[in-house]
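Student: My questions all concern the structure below.
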Amino acid sequence: MNFYRKGKSTNQPFALPQLLRPFVRLMRLLTVRTHSGKYTGARLVTSSYSHSRRGLSPKSHGSAAVVGSGVPNPGLCFAAAVGSCGPEVEALKRSIGKLENKLLIATWQVEHLQMHKYFQPFRPASTNTKPETGTAPGADQNSSEALDSSAVTQMKPLPPAGNLIVYDKDCSELFDRLKPPSGFYRIRPKKYQEPFLAYCDMEDGGGWTVFQRRRNGKVDFSRDWVDYRDGFGDFKLWNDEFWLGNEHIHSLLSEGKNLVKIDLMDWEGKRSHAFYENFKITDEADKYRLQYGLYSGKAGDALAGGGGMVEQWSAGLSGMQFSTRDQDNDRYLQGNCAKENSAGWWFNRCHAANLNGKFYRKGKYKGVHDDGVVWGTWKGLWYSLRHTAMKVRPVVFLDVTGSGAGEQ
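Note that UniProt numbering has the sequence shown beginning at 1, numbered continuously upward.
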């Protein structure tokens, strides 16, 4: 079935069978053919991997199949001596694993595109399947079949991946294994939890799992406790806004041996950033209490509240529980910081940093409360930032020079 991208002047087909080409190449490696066309040698896989399709048999050369460079030839191996193929079998197993993961990631991406209707079936201008006058019967048989309404309108679901599914625990593992482009991928930080969709930033040194992003103000961040716990926003395009969810963030950060980077950009396009080591939050029973280690960067340590002791006492966020408009866990006795600042966040009395606040355009704003998207040690409390992102990866991963420019 061909799919066509919406909003494009040219109809470029998106062919699902292309995603199976790596798997087809694997099948070619696992079968040997002679000049006569009969298959010799031995299959190295179980029947669950057997695949038969017209036109997929490997080209023959002499008495052995021609295989890709650097890949062991199982036919030659078995022809030499039975039981002498240990290294070749292990190499093929590794090749199988790599191809399985490539196929699975492509399958997930197609499912996501179909779910959000980024691609739609091509619908011809006319659905009349009757041949025109003067056309020989059967001459337009292929066109008639292509115009069949059931074939056009129905989208067959992808086959289940079964036991081939392999989930990475975060984007750093995915980067180390495949080095894919930035985008949304399913990860599973803990083996017992269900996989979930997360945005992986593979450009800024690679391997970042993004758990908060502000871009355009389309998503309302003034939410209740359940929304912040489970996550909200758009998980479709590279510039969508979202909060990954405190439960997911807790599972990502629970080990604590990580580095969180906070990307900031003002309305003139100037960028800055802050790093925090060993950033983590507790579970829901403890109201997702915030803990973090050493700061470094250019934007200033706004999470600590600022420079003075008074500011740190009233606005420092270390040890603070998470608050929302319907769950007040801050230390401000005269009011509710989350309600006043239109955001869920780790408030003290209240803050010097709040990246979930109101999205004010053009930067500077006025109001009763400093409720914008603020990082006080960089632009002050009355300047609402244009773009923010909070992302995490293992602290030992920080060996890529040039990291610090932030998301593009």
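Each residue gets a CB set at the ideal place from its N, CA and C atoms; glycine is no exception.
These numbers come from a predicted model, not from an experiment.
Taking the beta carbon of arginine 94 as the centre, do at least 16 other beta carbons fall within 10 Å, making it buried, or is it exposed?
Tutor: Exposed is the call here.
Student: According to the neighbour-count rule (16 or more other Cβ atoms, all chains shown, within 10 Å of its Cβ), is glutamine 321 buried or exposed?
Tutor: It counts as buried.
Student: May I ask you to verify whether the stretch 386-393 touches the stretch 247-267, counting CB pairs closer than 8 Å and requiring at least 3?
Tutor: Because the criterion of three Cβ pairs below 8 Å is met, the stretch 386-393 and the stretch 247-267 touch.
Student: Tell me, please, which residues DSSP counts as bridged to asparagine 258.
Tutor: Answer is Pro394.
Student: Taking 8 Å as the threshold (C-beta atoms), are glycine 376 and alanine 302 in contact?
Tutor: Yes, they are a contact pair.
Student: Would you decide whether proline 189 is buried or exposed? Buried here means 16 or more other CB atoms lie within 10 Å of its CB.
Tutor: Buried, because 16 or more other Cβ atoms sit within 10 Å of the Cβ of proline 189.
Student: Flag this pair as touching only if the stretch 270-278 and the stretch 292-300 have three or more C-beta atom pairs under 8 Å; answer yes or no.
Tutor: Touching, yes.
Student: In three-state terms, what does DSSP make of valine 226?
Tutor: Helix, per DSSP.
Student: Could you spell out where the alpha helix (DSSP H) holding glutamine 312 opens and where it closes?
Tutor: Start and end: 309-315.
Student: Give a yes or no on contact between the stretch 235-248 and the stretch 368-375, applying the rule of three or more CB pairs nearer than 8 Å.
Tutor: Cβ pair count under 8 Å is below three, so no.
Student: With C-beta atoms as the reference, is glutamate 311 less than 8 Å away from glycine 319?
Tutor: Not in contact: glutamate 311 and glycine 319 (Cβ atoms no closer than 8 Å).
Student: In terms of DSSP beta bridges, what is serine 323 paired with?
Tutor: Answer is Trp345, bridged to serine 323.
Student: Between which two residues does the beta strand (DSSP E) holding leucine 197 run?
Tutor: Where leucine 197 is concerned, the enclosing beta strand (DSSP E) stretches over 196-201.
Student: Looking only at its own chain, which residues have a Cβ that is under 6 Å from the Cβ of arginine 331, when we skip the five neighbours before and after it?
Tutor: The answer, listed in chain order, is Asn348, Arg349.
Student: Using 10 angstroms around the beta-carbon of leucine 396, count the other beta-carbons present and answer buried if the total reaches 16, otherwise exposed.
Tutor: Rather than leucine, the amino acid found at residue 396 in this sequence is valine. Valine 396 comes out exposed.
Student: Measuring only the C-alpha atoms, how far is threonine 107 from glutamine 334?
Tutor: Cα-Cα distance, rounded: 53 Å.
Student: Label glycine 97 either buried or exposed according to how many other C-beta atoms from any shown protein chain fall within 10 Å of its C-beta, with 16 as the threshold for buried.
Tutor: Exposed.
Student: How should arginine 223 be labelled, buried or exposed, when 16 other C-beta atoms within 10 angstroms of its C-beta is the threshold for buried?
Tutor: Buried, by the Cβ-count rule.
Student: Here's the rule: buried if 16 or more other CB atoms are within 10 angstroms of the residue's CB, otherwise exposed. What is aspartate 176?
Tutor: Exposed is the call here.
Student: In the DSSP assignment, find the unbroken beta strand (DSSP E) run with alanine 274 in it and report its ends.
Tutor: Looking at the DSSP string, the run of the beta strand (DSSP E) that includes alanine 274 is 271-277.
Student: Could you name the residues of the same chain whose beta carbon sits closer than 6 Å to that of tyrosine 360, not counting the 5 residues immediately before and after it, in chain order?
Tutor: Hits under 6 Å: Gly372, Ser384.
Student: Could you tell me the distance, in whole angstroms, from the CA atom of serine 381 to the CA atom of tryptophan 313?
Tutor: Note that residue 381 corresponds to leucine in the displayed sequence, not to serine. Going from the Cα of leucine 381 to the Cα of tryptophan 313 covers about 17 Å.
Student: Taking all protein chains shown into account, do 16 or more other C-beta atoms lie within 10 angstroms of the C-beta of lysine 38, making it buried, or fewer, making it exposed?
Tutor: With a pLDDT of only 40 at lysine 38, under 50, the local geometry of the prediction cannot be trusted, and the value read off the model is given with reservation. Answer is exposed; the Cβ neighbour count stays below 16.
Student: Do serine 323 and glycine 344 have their C-beta atoms closer together than 8 Å?
Tutor: Yes, the pair counts as a contact, with Cβ atoms nearer than the cut-off.
Student: With 16 other CB atoms within 10 Å as the buried threshold, where does leucine 253 fall?
Tutor: Flag for leucine 253 reads buried.
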